[in-house]
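Numbering (our numbering), first residue to last: 7 to 238.
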């Protein structure tokens with residue numbers, strides 16, 4: 007799927023009041039949506055993937071899929087995103103220790119936020135969200151060195167980033183979810199996330215996964231298929 011092929015469908019969803027409320031997002035014009043997608047494509051601190059309908063029937067036994075068939079806009083059901091931030095924990099900074107009490111500097115850590123949106127009610131409650139998040143977390147774990155290396159290389163030129171800084175480590179994963187979105191909260195808690203703190207000013211709860219060993223194994227039923235693109 008090309009960068010702008012899903013824009014119209016995404017735009018329609020951004021104008022849906024219920025989706026705006028559930029995802030804490032604002033409506034975008036078509037031009038803003040194009041600019042947003044281009045920015046995300048070039049950003050070093052974000053990942054975004056389009057979620058499509060799963061393969062079923064005889065398609066479920068395929069070992070490869072073709073671009074332009076399984077990922078056409080009509081099969082799109084949502085998206086899943088990953089954001090990287092510098093690690094910032096006031097409590098740990100006050101006593102100069104990390105979460106394990108070992109006294110390590112916070113400079114070498116970052117944290118990642120996961121955000122998922124499945125737009126249509128008919129696609130919810132089928133386990134697609136859980137499958138997407140668990141697969142995405144395993145993808146992050148499997149490609150963590152490359153993800154953190156790109157993030158650190160682009161951040162090293164920022165003010166306050168000293169040369170020779172320690173190699174970044176992912177401290178935790180988190181999700182910020184509207185407190186009224188019980189289904190999403192249950193989804194992340196079912197994957198091992200725990201609520202940290204109370205509802206914030208924006209009506210969100212923060213769920214955190216600190217034990218990253220939980221994402222080191224592929225989720226049950228995961229299959230990786232070859233993705234074939236047409237030769238121009």
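Virtual Cβ for every residue (Gly too), placed ideally from N, Cα, C.
Within its chain, find whatever has a CB closer than 6 Å to the CB of residue i; leave out the 5 residues flanking it on each side and keep chain order.
i           : result
residue 235 : 73
residue 4   : Since the first residue of the chain shown is 7 and the last is 238, residue 4 is not available in this structure.
residue 194 : 181 and 213
residue 220 : 198
residue 201 : 211 and 213
residue 216 : 178
residue 67  : none
residue 205 : 185 and 211
Could you tell me whether the Cβ atoms of residue i and residue j are closer together than 8 Å?
i           : j           : result
residue 177 : residue 115 : yes
residue 82  : residue 120 : no
residue 154 : residue 174 : yes
residue 76  : residue 61  : yes
residue 157 : residue 218 : no
residue 135 : residue 122 : yes
residue 144 : residue 225 : yes
Label residue i either buried or exposed according to how many other C-beta atoms from any shown protein chain fall within 10 Å of its C-beta, with 16 as the threshold for buried.
i           : result
residue 231 : exposed
residue 228 : exposed
residue 199 : buried
residue 101 : Residue confidence for residue 101 is low, a pLDDT of 39 falling below 50, so the modelled location carries little weight; the figure read from the coordinates is stated next. Residue 101 should be labelled exposed.
residue 125 : buried
residue 70  : exposed
residue 208 : exposed
residue 190 : buried
Excluding five sequence neighbours on each side, which residues of the same chain lie with their C-beta closer than 8 Å to the C-beta of residue i?
i           : result
residue 159 : 50
residue 237 : none
residue 163 : At residue 163, the pLDDT of 48 sits below 50, so the modelled position is not reliable; the number obtained from the coordinates is stated separately. Within the same chain, residue 163 has no close Cβ partners at all.
Would you mind giving the Cβ-Cβ distance between residue i and residue j, rounded to the nearest angstrom? I have them listed as a contact below 8 Å.
i           : j           : result
residue 147 : residue 117 : Incorrect: roughly 15 Å between the Cβ atoms, too far for contact.
residue 210 : residue 192 : Residue 210 to residue 192, Cβ: 16 Å. No contact.
residue 180 : residue 212 : 6 Å
Please work out which residues of its chain come closer than 7 Å, Cβ to Cβ, to residue i, disregarding the five sequence neighbours upstream and downstream, and give them in chain order.
i           : result
residue 203 : 212
residue 59  : 81 and 83
residue 222 : 147
residue 1   : Missing from the structure shown is residue 1; the chain here goes from 7 to 238 and no further.
residue 48  : none
Beta carbon of residue i: closer than 7 Å to some heavy atom of the ligand PLP?
i          : result
residue 56 : The model depicted lacks the ligand PLP and carries no ligand whatsoever.
**Message:** Does the contact criterion of 3 or more C-beta pairs under 8 Å hold for the region 136-147 versus the region 75-92?
**Reply:** yes
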